[in-house]
Amino acid sequence: MAAGWDRRDLVSPTGATLALYETAPAAPVKGIVHINHGLAEHAARYAPFARYLAERGWHVAAQDHRGHGFTSTSDGGPRRFSDREGWRKVTEDTAAVNAHLRAGYPGKPVFVLGHSMGGTVAMNHVVLHPDTVAGAAIWNANFVSGGLAGVMKLVLFANGLGGAHRPAGMIDALTFKTWDRKFSDERPEFGWLSRDLSVVDAYVADPLCGWPASVSLWRDFLAGMARAADDDALKSVPRSLPFHLVGGSEDPATEGGKATRDMAQRLKRRGFADVTLNVFEGFRHETLNEIGADIAMSNFADWLDQRAG
Numbered sequence: 127m128a129a130g131w132d133r134r135d136l137v138s139p140t141g142a143t144l145a146l147y148e149t150a151p152a153a154p155v156k157g158i159v160h161i162n163h164g165l166a167e168h169a170a171r172y173a174p175f176a177r178y179l180a181e182r183g184w185h186v187a188a189q190d191h192r193g194h195g196f197t198s199t200s201d202g203g204p205r206r207f208s209d210r211e212g213w214r215k216v217t218e219d220t221a222a223v224n225a226h227l228r229a230g231y232p233g234k235p236v237f238v239l240g241h242s243m244g245g246t247v248a249m250n251h252v253v254l255h256p257d258t259v260a261g262a263a264i265w266n267a268n269f270v271s272g273g274l275a276g277v278m279k280l281v282l283f284a285n286g287l288g289g290a291h292r293p294a295g296m297i298d299a300l301t302f303k304t305w306d307r308k309f310s311d312e313r314p315e316f317g318w319l320s321r322d323l324s325v326v327d328a329y330v331a332d333p334l335c336g337w338p339a340s341v342s343l344w345r346d347f348l349a350g351m352a353r354a355a356d357d358d359a360l361k362s363v364p365r366s367l368p369f370h371l372v373g374g375s376e377d378p379a380t381e382g383g384k385a386t387r388d389m390a391q392r393l394k395r396r397g398f399a400d401v402t403l404n405v406f407e408g409f410r411h412e413t414l415n416e417i418g419a420d421i422a423m424s425n426f427a428d429w430l431d432q433r434a435g
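127 is the number of the first residue of the sequence shown in our numbering; add one for each residue after it.
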């Protein structure tokens with residue numbers, strides 16, 4: 127039986143005190159899965175997935191990102207990464223967790239997984255520190271670039287005239303609120319997360335979820351998306367690195383999985399030889415909290431086992 131999803135503090139070189147969750151298998155460890163959660167949620171929500179992977183022989187860890195959950199900083203606050211250079215600090219925090227995990231299990235493979243915003247974090251880690259991971263799983267992520275990114279920057283500029291740490295209400299309207307309308311007959315808010323309405327209700331009731339992000343957080347996030355979408359940034363990554371991409375056909379955040387398919391095509395065009403793509407029919411945004419999530423979890427665990435060396 128795997129251990130629980132236990133929380134501890136890990137002090138990052140950035141000065142942040144990261145809330146770090148870990149669980150370990152009872153059997154010998156095959157390797158490590160490092161999870162990065164999405165926007166306006168927290169790592170504790172990944173407990174069922176972590177325990178499942180631990181039962182399959184994997185040590186699993188996830189940190190609350192800056193501005194989220196129980197992570198604390200002296201240079202930021204709730205709903206924002208930092209007063210300055212927020213995205214750089216998020217990536218350095220992620221690297222600190224990776225280093226902690228590798229030190230705990232020398233020689234074991236580390237696979238980084240990110241959901242939604244966490245997919246952007248994970249992809250940034252891959253291009254910045256490709257030698258520290260054995261593979262990457264990017265789930266339900268959309269690396270906004272080009273004209274849409276420009277529009278969002280203009281909206282953020284207008285929205286930020288009242289202060290960088292105020293809620294980015296206009297971006298919230300373009301994203302979360304727009305996606306809400308598609309499923310408003312089921313729930314007034316966040317129906318786009320999952321067909322399992324008990325998950326939606328728990329998310330809405332959780333004070334650590336669903337809050338409107340600040341202008342500064344969105345600005346930082348866009349900077350991370352730009353790097354994740356930059357083909358030149360991929361030059362540092364070995365073409366043998368395996369990628370596991372997941373989306374949902376009813377996920378408005380990825381245009382019904384289009385962003386996931388586009389990423390798979392992009393990686394293949396750039397010469398990556400091991401790209402696994404799954405766009406699950408009927409799934410909305412939170413693959414791990416969907417009806418039928420056990421299929422996605424089992425597929426991923428099998429993928430890990432095949433690449434653990």
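Using N, Cα and C, we set each Cβ at its ideal position, and we do this for glycine too.
- Scanning S310, E218 and H411 for the CA closest to the CA of L319 turns up H411.
- The three-state secondary structure of Y147, taken from DSSP, is strand.
- Rounded to the nearest whole angstrom, the C-alpha separation of T380 and D209 is 29 Å.
- With a cut-off of 8 Å on Cβ pairs, the stretch 300-307 is not in contact with the stretch 171-187, counting fewer than three such pairs.
- Where F369 is concerned, the enclosing beta strand (DSSP E) starts and stops at F369 to G374.
- In this structure the stretch 146-158 lies against the stretch 174-184, because at least three pairs of beta carbons, one per stretch, are closer than 8 Å.
- Ranked by how close their Cα comes to the Cα of D346, the residues I161, V236 and M243 have M243 in first place.
- DSSP places N404 in no alpha helix (DSSP H) but in the uninterrupted beta strand (DSSP E) bounded by V401 to F406.
- Annotation for A263: L239 and H370 place their beta carbon closer than 6 Å to its own, counting only its chain and skipping 5 residues before and after.
- Counting along the chain, L136 sits inside the beta strand (DSSP E) bounded by residues D132 to V137.
- Take Y231, set aside five residues on each side of it, and the residues of its chain with a beta-carbon closer than 8 Å to its own are V155, G157, I158 and H185, in chain order.
- Within the same chain, W305, K308 and W318 come within 7 Å of P378 by CB-CB distance, once the 5 residues on both sides are set aside.
- Taken atom to atom, the span from the alpha-carbon of L430 to that of L323 is near 30 Å.
- Here DSSP, grouped into helix, strand and coil, assigns G240 to strand.
- Annotation for H226: the continuous alpha helix (DSSP H) segment containing it runs G212 to G230.
- Counting the other CB atoms within 10 Å of its CB gives D190 a total of 16 or more, which places it among the buried residues.
- The beta carbon of R433 lies closer than 6 Å to those of G261 and P368 in the same chain, with the five residues before and after it left out.
- The three-state reading of DSSP puts N266 in coil, since its state is none of H, G, I, E or B.
- With respect to the 8 Å criterion, V259 and F237 are classified as neighbours on the basis of their beta carbons.
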